[in-house]
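Here the structure comes first, spelled out in structure tokens, and everything after it is commentary.
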Amino acid sequence: METMTTYYNEVHPNFKINGISCNAEELKEIGYCLIKEGEAFEIPFGDFLLDWLSDKPTIPVKTSGSTGEPKTIHLKKEHMVNSSLATANFFGLEAGDTVLHCLPASYIAGKMMLVRAIVLGLRLDYVAPASFPLSGVNKTFKFGAMVPMQLENSLNQIDQINTVIVGGAPISEKLKDKIQLLDNEIFETYGMTETVSHIAIKKISQNQNNTEQNFVVLPDIAIHTDKRGCLVIDAPMLAKETIVTNDLVDIRNEKEFKWLGRYDNIINSGGIKLIPEKIEAKLALFITSRFFVAAMPDEMLGEKLVLFVEGSGIDQSLLEDLKSKGTLENFEIPKELVTVEKFAETGNGKLDRKRTIKLFSL
15 METMTTYYNE VHPNFKINGI SCNAEELKEI GYCLIKEGEA FEIPFGDFLL DWLSDKPTIP
75 VKTSGSTGEP KTIHLKKEHM VNSSLATANF FGLEAGDTVL HCLPASYIAG KMMLVRAIVL
135 GLRLDYVAPA SFPLSGVNKT FKFGAMVPMQ LENSLNQIDQ INTVIVGGAP ISEKLKDKIQ
195 LLDNEIFETY GMTETVSHIA IKKISQNQNN TEQNFVVLPD IAIHTDKRGC LVIDAPMLAK
255 ETIVTNDLVD IRNEKEFKWL GRYDNIINSG GIKLIPEKIE AKLALFITSR FFVAAMPDEM
315 LGEKLVLFVE GSGIDQSLLE DLKSKGTLEN FEIPKELVTV EKFAETGNGK LDRKRTIKLF
375 SL
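With this note's numbering, the residue at position 118 of the sequence shown is 132, and numbering never jumps.
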């Protein structure tokens, strides 16, 4: 695969943005125009383009805040280039390929779509990062990235994108079932801001046998677990330091792992440790609204399992129904159900569990 440059202030000669070919100086002008005259979602695009094309070796990037307070970290541009090359090698991206950008440029996933296009010489079209990103889009693309909600809302048009990577939040089993009859390839990604986008991939489409799939790490990345059972990542091409996560995993071999849930979400109820994500996967068979389970203080158990459901239309009778289904173990059945009109969200649309619980507790 040919790439013409890995320098931050140069632009691959095949690169196009919304059909416009440009060199570095012209791309800077586009950046200035987006900042001064663009729509609200275009301003972060312009900011990033000017940051990328500057002589500074790092880029300031906001973490999402999904697992703690949002913060700004500085990523090396060199590492972002390396990540782009790894993605290109894995998915066979080449100069001149068409890609759709429908994510916020404020966060790492959106920034990396731009970096890939600039470095690899892709023809990138961007649209507003809306819930229905393909609405009004008539072109076809080789590659695109979405969050699960965007994928869910685009199933009737998703064949316009040959390969789709999906990240930012876990993908429900119901959505995985819906995509099995599609012809295009859809992959779930694992990564975070600190790893410069994804470091592992899991194919979730064309799995007709419904076999359990593991995340497969990209080349030159080593994984192991710490004493808690959480994933530890060594990726010298992407990060200077070893990255210790709060993600509970089951490592199947040196290149594959199964994601279990978040260590900081674990609930200790009467001495039994519950992983919310595992329980939520079972509950997804019975609840169509957005929901999650979490811990609330309890005098006898220390912590009790509580089910939070967004919207209305579900009452306490659901808990009795769950007991009769037999899908959940007795200790996995929530002790209480709470309905919330609207869940709190992070800046890039992820569910903010902690803030939702805090709002309910006030």
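Ideal Cβ positions, reconstructed from N, Cα and C, are used throughout, including at glycine. These figures come from a predicted structure and were not determined experimentally.
With 16 other Cβ atoms within 10 Å as the buried cut-off, status of residue i
i, result
"residue 137", "buried"
"residue 357", "buried"
"residue 127", "buried"
"residue 33", "exposed"
"residue 80", "Since pLDDT at residue 80 reaches only 48, below the 50 mark, its modelled position is unreliable, and no value is offered."
"residue 282", "exposed"
"residue 341", "exposed"
"residue 279", "buried"
"residue 177", "buried"
"residue 86", "exposed"
"residue 202", "buried"
"residue 195", "exposed"
"residue 98", "buried"
CB contact flag (residue i, residue j, <8 Å)
i, j, result
"residue 230", "residue 215", "yes"
"residue 26", "residue 132", "yes"
"residue 184", "residue 291", "yes"
"residue 324", "residue 304", "yes"
"residue 162", "residue 119", "no"
"residue 298", "residue 187", "yes"
Nearest to residue i (by Cα), restricted to the options the options
i, options, result
"residue 209", "135, 121, 265", "121"
"residue 165", "207, 218, 135, 56", "218"
"residue 293", "135, 53, 275, 303", "275"
"residue 257", "206, 180, 54", "206"
"residue 160", "341, 237, 62, 124", "124"
"residue 67", "284, 23, 268", "23"
"residue 242", "233, 30, 262, 272", "262"
"residue 245", "234, 268, 226", "268"
"residue 12", "296, 198, 89", "Residue numbering for the chain in the displayed model covers 15 to 376; residue 12 lies beyond these limits and cannot be assessed."
"residue 180", "235, 226, 195, 115", "115"
"residue 264", "228, 296, 232", "228"
"residue 370", "260, 306, 314, 100", "306"
"residue 361", "296, 84, 59", "84"
"residue 354", "327, 331, 284", "327"
"residue 232", "271, 331, 226, 196", "271"
"residue 254", "94, 296, 194, 30", "94"
Below-8 Å beta-carbon distance, residue i vs any chain C residue
i, result
"residue 170", "Any reference to chain C falls outside this structure, which holds one protein chain only."
Backbone CA spacing between residue i and residue j [nearest angstrom]
i, j, result
"residue 338", "residue 364", "32 Å"
"residue 237", "residue 46", "41 Å"
"residue 367", "residue 277", "14 Å"
"residue 239", "residue 147", "37 Å"
"residue 130", "residue 96", "10 Å"
"residue 40", "residue 168", "33 Å"
"residue 192", "residue 200", "12 Å"
"residue 349", "residue 286", "14 Å"
"residue 252", "residue 104", "16 Å"
"residue 151", "residue 106", "24 Å"
"residue 102", "residue 134", "8 Å"
"residue 100", "residue 52", "32 Å"
"residue 49", "residue 359", "26 Å"
"residue 54", "residue 145", "16 Å"
"residue 42", "residue 56", "14 Å"
"residue 313", "residue 284", "10 Å"
"residue 38", "residue 140", "18 Å"
"residue 332", "residue 302", "12 Å"
"residue 374", "residue 175", "40 Å"
"residue 330", "residue 336", "10 Å"
"residue 77", "residue 234", "24 Å"
"residue 372", "residue 289", "20 Å"
Say whether the segment 332-348 touches the segment 305-324, bearing in mind that this needs 3 or more beta-carbon pairs closer than 8 Å, one atom from each stretch. yes
The segment 107-115 touching the segment 154-162, judged by at least three CB pairs closer than 8 Å: yes
Closer than 8 Å is the cut-off here; do at least three beta carbon pairs connect the segment 83-91 with the segment 55-73? The answer is yes - the segment 55-73 touches the segment 83-91, with three or more Cβ pairs under 8 Å.
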